[in-house]
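Undergrad:
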Amino acid sequence: MYKILVVEDDEKILKLTKDRLERYGYDVAVVKDYSNIKGEFIKEEPHLVLLDINLPNYDGFFWCREIRSISKVPIIFISARFSDMDQVMAIENGGDDYIIKPFSFDLLLAKVKGVIRRTYGEYAENDSVDIYEADGVYLHKSQNIVEWKDNKIELSKKEFALLYILITNLGNIVSRETLLEELWDDMNFVDDNTLSVNIGRLRNRLEAIGIYDSIKTKRGQGYSMVKTW
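By the working numbering, the letter at position 213 of the sequence shown is numbered 213, and the numbering carries on one by one without gaps.
(1) Note the first and the last residue of the continuous alpha helix (DSSP H) segment covering A208.
(2) Which word fits L202, buried or exposed, when buried means at least 16 other C-beta atoms lie within 10 angstroms of its C-beta?
(3) Residue ranges of each beta strand (DSSP E) run of no fewer than 3 residues wholly in the segment 81-150, ordered along the chain?
(4) Do R20 and F77 have their C-beta atoms closer together than 8 angstroms?
(5) If you measure between the beta carbons of L232 and F41, is that distance less than 8 angstroms?
(6) Tell me which residues share the same chain as I116 and place their Cβ nearer than 7 angstroms to its Cβ, disregarding the 5 neighbours each side in the sequence.
(7) Please name the residue, chosen from L179, R205 and N204, that lies closest to N193 on a Cα-to-Cα basis.
(8) Between the segment 52-70 and the segment 78-85, can you find at least three pairs of beta-carbon atoms closer than 8 angstroms?
(9) Using a Cβ-Cβ cutoff of less than 7 angstroms, which residues in the same chain neighbour V28 once the five nearest sequence positions on both sides are dropped?
(10) How many Å lie between K227 and M89 at the Cα?
(11) Please report how far the alpha carbon of L107 lies from the alpha carbon of E45, in whole angstroms.
(12) Mapping the DSSP letters down to three states, classify L170 as helix, strand or coil.
(13) Taking the alpha-carbon positions, what's the W148 to W184 distance?
(14) Would you kindly check if the distance between the Cβ of I100 and the Cβ of K111 is under 8 angstroms?
(15) Run through DSSP, which three-state label would K38 get?
(16) If the criterion is Cβ atoms closer than 8 angstroms, does the pair I215 and Y223 meet it?
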């Protein structure tokens with residue numbers, strides 16, 4: 001079953017679109033937090049996005065670029081804006097197609113079927129998004145990159161592994177023993193100070209992109225990452 005993420009703040013259109021797509025066998029997810037559409041996209045991992053232009057906070061062009069920065073998933077714009085320039089901007093910002101409101105649901109279904117067929121084929125499966133997100137901080141796992149707002153920085157393998165363990169346990173204490181066991185295969189050759197040095201480097205790296213004082217030392221226990229961004 002293909003999943004479609006619908007980004008539409010008109011409740012009437014949203015309900016009609018969701019009901020019709022589900023009737024034809026699609027799994028439909030809807031955006032609830034319009035300030036974090038990128039995060040909801042990562043969480044839902046859809047095969048296709050239906051994206052309005054006029055949205056709260058930022059417009060659809062902005063969110064299309066944000067999605068395109070992490071995924072090649074097909075995006076169909078649906079908007080009441082009908083000028084040639086709007087359609088050109090939709091394509092230039094990464095959209096695959098454009099539907100003008102009010103629209104025929106038969107046309108919508110035909111375009112959805114067409115773009116899914118072209119993108120995936122009958123038996124293809126969608127690649128999973130290789131990103132972990134925590135309250136607006138994005139970890140690009142295949143690249144060892146951490147992203148916060150408009151800032152990105154590449155970490156070393158150890159730094160990224162440390163950050164991933166801490167942020168996936170956000171608010172909880174992770175013991176020094178657990179971190180050492182996860183990051184070093186042979187603890188017999190690891191000085192206890194090695195972990196402290198790597199934590200210090202990670203703190204500095206996070207500060208370089210604007211995240212300060214998020215890694216707390218819990219004496220006699222380990223480390224904890226808390227949301228300070």
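Virtual Cβ for every residue (Gly too), placed ideally from N, Cα, C. Owing to the predicted nature of the structure, the values given are computational and were not obtained by experimental measurement.
TA: According to the structure shown:
(1) Taking the first residue of the sequence shown as 1, we reach residue 208 at position 208. Unbroken run through A208: none, as it is neither H nor E.
(2) Within the sequence shown, numbered from 1, the residue matching residue 202 stands at position 202. Buried, since its Cβ has 16 or more Cβ neighbours within 10 Å.
(3) 97-100, 131-134, 137-140 and 145-148, all fully within the segment 81-150.
(4) Here residue 20 corresponds to residue number 20 of the sequence shown, with the count starting at 1. Here residue 77 corresponds to residue number 77 of the sequence shown, with the count starting at 1. Between R20 and F77, the CB-CB gap reaches or exceeds 8 angstroms.
(5) Residue numbering for the chain in the displayed model covers 1 to 229; residue 232 lies beyond these limits and cannot be assessed.
(6) As a first step, residue 116 is located in the sequence shown; it is residue number 116 there, counting from the start. Counting only Cβ-Cβ distances below 7 angstroms, and skipping sequence neighbours, we find Y2, H47 and L48.
(7) One-based indexing of the sequence shown puts residue 193 at position 193. Out of L179, R205 and N204, L179 has the C-alpha closest to the C-alpha of N193.
(8) Cβ pair count under 8 angstroms is three or more, so yes.
(9) On the sequence shown, position 28 is the one that residue 28 refers to. Taking V28 as the centre and dropping the five residues before and after it, the same chain places the C-beta of I4, V6, K18, L21 and E22 closer than 7 angstroms to its C-beta, in chain order.
(10) Within the sequence shown, the letter at position 227 stands for residue 227. Within the sequence shown, the letter at position 89 stands for residue 89. Their Cα atoms are separated by approximately 36 angstroms.
(11) Residue mapping note: residue 107 aligns to position 107 of the sequence shown, counting from 1. Residue mapping note: residue 45 aligns to position 45 of the sequence shown, counting from 1. Taking the straight line joining both Cα atoms gives about 24 angstroms.
(12) Start at 1 with the first residue of the sequence shown, and residue 170 comes out as number 170. The answer is coil: DSSP assigns L170 none of H, G, I, E or B.
(13) Residue numbering aside, residue 148 sits at position 148 when the sequence shown is read from its first letter. Residue numbering aside, residue 184 sits at position 184 when the sequence shown is read from its first letter. Cα to Cα, the separation comes out at about 27 angstroms.
(14) Position 111 of the sequence shown, counted from the first residue, corresponds to residue 111. Position 100 of the sequence shown, counted from the first residue, corresponds to residue 100. Judged by their CB atoms, K111 and I100 are not nearer to each other than the 8 angstroms cut-off.
(15) Position 38 of the sequence shown, counting from 1, holds the residue named residue 38. Under the three-state reduction of DSSP output, K38 falls in the helix class.
(16) What you label residue 215 is simply residue 215 of the sequence shown in a count that begins at 1. What you label residue 223 is simply residue 223 of the sequence shown in a count that begins at 1. Using a Cβ distance threshold of 8 angstroms, I215 and Y223 count as a contacting pair.
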